[in-house]
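Inspection log for the structure reproduced underneath, given as structure tokens.
Residue numbers (UniProt numbering): 1 to 619.
In structure tokens form, the structure reads like this:
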């Protein structure tokens, strides 16, 4: 700013035709000098105006660039916030998907274990079926051998029976012929003996006659008294001889008859025995035929059962192969999904690293910008005006309040999302006996127990205690309840909406819910109060890193806002200094008076200097 200061010369009152006095000449020279100075001042004013126009153009360009830069910064900020929101959303989704995949992996693992158990069971069933098949095949082979033996015996039995019958018949015929020959022989012998007896009788009679003749001849010589005695003795001797002969003949006859009858009885008995043996052979043949038919039916049934077992084995093998393929495919799909999730997580981590690098670069640029502004403020010795400070503080406080509200809202959203997705659940279970705690419901609806042993367990005196923080819930089993071997029992709360279906589903009518919380402990105790089973479920949430990241982003955004406010104040201060309007005007009254106007934010200070020869020309 230039101040025009000069001593006003006295005005001339002389006419134009008089010679000029030295004073007049000096006044004219001074007037000419003033005109030159006014021309120079006009040139200077034109220069100042051109500089001001250029300055205004530059200010417009600066404003445009600042607007562009602010738009770019706001755009980048919005873009970064969008990217951060997308990244957080992707992280939440990946965490949710990871938790879901972990749950699916647990399900698949349990399904795989169940399939392995089913496979082992089916394998054992197949092995038992194979062993039974081998036993049945061995029985079938033995039955076939017995059948072949029975068939061979059955084929040889009629021949043997016929041969025995023929042999017995031939022997009977031979014995009959021998007996007939013996009978004929005996009859001949009897006839010959009868003839011999008759001959002997005749011989005896002749001898008796001769003896009688001799006795008669001797009787002449014997005493007549002795005659009767001798006759009596002779008669007695003849009677004795006749009796002896008859007795011998009778004995021989009886002997022959008894021998004949015995032989006939033996032949009859032998014939009956042969007939009985033939009947027995026929009965055995019929029984063998029946046994052969039953064995044939059993063999057909066993062959049918064997075919059924073979078909069942083939079906089980096909089912097992399909289950293996399905399990393999499921595991492959899950592995691929896990790899994809890991790749997405790695990509998100890489994106986060890039965002962190960008954030660090922005922090460095913000620090450099802050130092630059502080240096400019120190160089220009500027300080924000009270109104600017109030405006800046208000803007800062409002921005802080808005940002705090936004940050809190954002954090609440993050907490809700993390509570639903980024939650890790740790399970731990232990058991000292055959009963274990199989499952705990997250919402506190039920607790499931499993008897993994091979014997039934009476649950009289057993208690199940669930602890969540300082709250406990104790369930006592009824004295009559028995947990079967391999059976599961689920104890439901009354608000679960499930009816009691013993022995697999029990309803705790006095308890509306088992309760839910972050750390859940369930203990099963026996009647002695000893701990036989335990299960613990712990929830872990991952919010600290998100809070730190949100705090870092908020701090960066807040620092950027403060820098923007300070930049605005600095620009305002620079405008208040640079926007200084210097106006030099020539007075219309005298043509010499100079008016200098200094404009500082619409506050005009006018300094008027009148340069004239006389005071009467000044208004």
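From the three backbone atoms N, C-alpha and C, an ideal C-beta is built for every residue, glycine too.
### Query
CB residue 465 to CB residue 532, shorter than 7 Å?
Within the chain shown, residue 465 is the residue found at index 465, counting from 1. Within the chain shown, residue 532 is the residue found at index 532, counting from 1. No, the pair does not count as a contact, with Cβ atoms beyond the cut-off.
### Query
By the 10 Å Cβ neighbour count, where 16 or more other Cβ atoms means buried, how is residue 535 classified, buried or exposed?
Walking along the chain shown from the start, residue 535 turns up at place 535. With 16 or more Cβ atoms within 10 Å of its Cβ, residue 535 is classed as buried.
### Task
Would you list the residues sitting across from residue 490 in a DSSP beta bridge?
By one-based count along the chain shown, residue 490 stands at place 490. According to DSSP, residue pairing for residue 490 in a beta bridge involves 448, 505.
### Message
Using the Cβ count rule (16 or more neighbours within 10 Å means buried), how would you classify residue 303?
### Response
For the purposes of this step, residue 303 is identified with residue 303 of the chain shown, where counting begins at 1. Label assigned to residue 303: exposed.
### Task
Tell me, to the nearest whole angstrom, how far the beta carbon of residue 299 is from that of residue 140; I am working on the premise that it is less than 8 Å.
Locating residue 299 in the chain shown gives position 299, where the first residue counts as 1. Locating residue 140 in the chain shown gives position 140, where the first residue counts as 1. With 8 Å as the limit, residue 299 and residue 140 qualify as a contact, their Cβ atoms being about 6 Å apart.
### Query
Is residue 432 helix, strand or coil when you go by DSSP?
Position 432 of the chain shown, counted from the start, is the residue given in the question as residue 432. Residue 432: coil per DSSP, three-state reduction.
### Task
Consult DSSP for residue 534 and reduce its assignment to one of helix, strand or coil.
Start at 1 with the first residue of the chain shown, and residue 534 comes out as number 534. For residue 534, the three-state secondary structure derived from DSSP is strand.
### Task
Answer yes or no: do residue 438 and residue 450 have a C-beta to C-beta separation smaller than 7 Å?
For the purposes of this step, residue 438 is identified with residue 438 of the chain shown, where counting begins at 1. For the purposes of this step, residue 450 is identified with residue 450 of the chain shown, where counting begins at 1. Pairing residue 438 with residue 450 gives a Cβ-Cβ distance under 7 Å.
### Three CB pairs or more closer than 8 Å across the segment 447 to 463 and the segment 475 to 488
Yes, the segment 447 to 463 touches the segment 475 to 488.
### Task
With DSSP collapsed to three states, give me the class of residue 457.
Numbered from its first residue, the chain shown carries residue 457 at position 457. Look at residue 457 here: in three-state DSSP terms it is strand.
### Task
Grab me the residues of residue 515's own chain with a C-beta within less than 7 Å of its C-beta, minus the 5 sequence neighbours each way, in chain order.
If you number the chain shown from 1, residue 515 lands on position 515. So the qualifying residues of the chain are 444, 466, 468, 471, 473.
### Query
Does the Cβ of residue 85 have 16 or more other Cβ atoms within 10 Å, making it buried, or fewer, making it exposed?
Position 85 of the chain shown, counted from the first residue, corresponds to residue 85. Residue burial is scored here from C-beta neighbours: residue 85 has fewer than 16 other C-beta atoms within 10 angstroms and is therefore classed as exposed.
### Task
From the DSSP output, in three-state form, read off residue 149 for me.
Residue mapping note: residue 149 aligns to position 149 of the chain shown, counting from 1. Annotated three-state conformation of residue 149 is helix, per DSSP.
### Extent of the continuous beta strand (DSSP E) to which residue 443 belongs
As a working mapping, residue 443 is identified with position 443 in the chain shown. Premise fails: residue 443 is in no beta strand (DSSP E) and is neither H nor E.
### Task
Reducing DSSP to helix, strand and coil, say where residue 483 ends up.
Translated into positions along the chain shown, residue 483 becomes position 483. Three-state DSSP puts residue 483 in a strand.
### Task
Tell me, to the nearest whole angstrom, how far the beta carbon of residue 150 is from that of residue 291; I am working on the premise that it is less than 8 Å.
Indexing the chain shown from 1 puts residue 150 at position 150. Indexing the chain shown from 1 puts residue 291 at position 291. Yes, residue 150 and residue 291 are in contact; Cβ-Cβ is about 6 Å, under 8 Å.
#### Entry: Alpha carbon of residue 243 to alpha carbon of residue 196, nearest angstrom
Working through the chain shown from its first residue, we reach residue 243 at position 243. Working through the chain shown from its first residue, we reach residue 196 at position 196. Between residue 243 and residue 196, the C-alpha separation is close to 16 Å.
### Query
Roughly how many whole angstroms lie between the Cα atoms of residue 285 and residue 294?
Sequence index remark: in the chain shown, residue 285 carries index 285 (1-based). Sequence index remark: in the chain shown, residue 294 carries index 294 (1-based). Rounded to whole angstroms, residue 285 to residue 294 spans 14 Å at the Cα level.
#### Entry: Proximal residues to residue 212 (C-beta, below 7 Å), its chain only, five neighbours per side dropped
For this step, residue 212 is matched to residue 212 along the chain shown. Cβ within range, chain order: n/a, list empty.
### Task
Report buried or exposed for residue 251, applying the criterion of at least 16 other Cβ atoms within 10 angstroms of its Cβ.
Here residue 251 refers to the residue found at position 251 of the chain shown. With fewer than 16 other Cβ atoms within 10 Å, it is exposed.
### Message
Is the separation between the beta-carbon of residue 90 and that of residue 457 shorter than 7 Å?
### Response
As a first step, residue 90 must be located in the chain shown, where it is residue number 90. As a first step, residue 457 must be located in the chain shown, where it is residue number 457. The Cβ atoms of residue 90 and residue 457 do not sit closer than 7 Å to each other.
### DSSP state of residue 524 mapped onto helix, strand, coil
Along the chain shown, one-based indexing puts residue 524 at 524. Note: residue 524 maps to strand in three-state DSSP.
### Task
Grab the span of the beta strand (DSSP E) containing residue 474 for me, first residue to last.
Walking along the chain shown from the start, residue 474 turns up at place 474. Annotation: the continuous beta strand (DSSP E) that includes residue 474 extends over 471 to 476.
### Task
Report yes if the CB atom of residue 351 is closer than 7 Å to the CB atom of residue 78, and no otherwise.
In the chain shown, residue 351 corresponds to position 351, counting from 1. In the chain shown, residue 78 corresponds to position 78, counting from 1. The Cβ-Cβ distance between residue 351 and residue 78 does not fall below 7 Å.
### Query
Are there 16 or more other CB atoms within 10 angstroms of the CB of residue 500, so buried, or fewer, so exposed?
As a working mapping, residue 500 is identified with position 500 in the chain shown. Exposed is the label assigned to residue 500, since fewer than 16 other Cβ atoms lie within 10 Å of its Cβ.
### Query
What residue from 207, 264, 326 has the CA that sits closest to residue 180's CA?
Here residue 180 refers to the residue found at position 180 when the chain shown is read from its first residue. Comparing alpha-carbon positions, the option among 207, 264, 326 lying closest to residue 180 turns out to be 264.
### Query
For residue 57, does the count of other Cβ atoms within 10 angstroms reach 16, so buried, or fall short, so exposed?
Translated into positions along the chain shown, residue 57 becomes position 57. By the neighbour-count rule (16 or more Cβ atoms within 10 Å), residue 57 is not buried but exposed.
### Task
Since I believe residue 129 is in contact with residue 309 (beta carbons under 8 Å), could you give me their beta-carbon distance rounded to a whole number of angstroms?
For the purposes of this step, residue 309 is taken as the residue at position 309 of the chain shown. For the purposes of this step, residue 129 is taken as the residue at position 129 of the chain shown. Their Cβ separation, rounded to whole angstroms, is 5 Å, which keeps residue 309 and residue 129 in contact under 8 Å.
### Query
For residue 459, which of 339, 332, 365, 435 has the nearest alpha-carbon?
As a position in the chain shown, residue 459 is number 459, starting the count at 1. Nearest C-alpha to residue 459 among 339, 332, 365, 435: 435.
### Task
Report yes if the CB atom of residue 462 is closer than 7 Å to the CB atom of residue 477, and no otherwise.
Here the question's residue 462 lines up with position 462 in the chain shown. Here the question's residue 477 lines up with position 477 in the chain shown. Going by C-beta atoms, residue 462 is nearer than 7 Å to residue 477.
### Pick from 105, 116, 229 that is closest to residue 323, judged by C-alpha positions
Stepping through the chain shown from its first residue, residue 323 is reached at position 323. For residue 323, the closest alpha carbon among the candidates 105, 116, 229 is that of 116.
### Task
Taking only the alpha-carbon atoms, compute the straight-line gap between residue 495 and residue 440 and give it to the nearest angstrom.
In the chain shown, residue 495 corresponds to position 495, counting from 1. In the chain shown, residue 440 corresponds to position 440, counting from 1. Approximately 16 Å, taken between the alpha carbons.
### Task
Determine the closest residue to residue 521 out of 528, 527, 537, with distance taken between C-alpha atoms.
Counting from one through the chain shown, the residue named residue 521 turns up at place 521. Among 528, 527, 537, the Cα nearest to that of residue 521 belongs to 537.
### Task
Check whether the Cβ atoms of residue 480 and residue 316 sit closer than 7 Å, and answer yes or no.
By 1-based counting over the chain shown, the position of residue 480 is 480. By 1-based counting over the chain shown, the position of residue 316 is 316. For residue 480 and residue 316, no; Cβs fall outside 7 Å.
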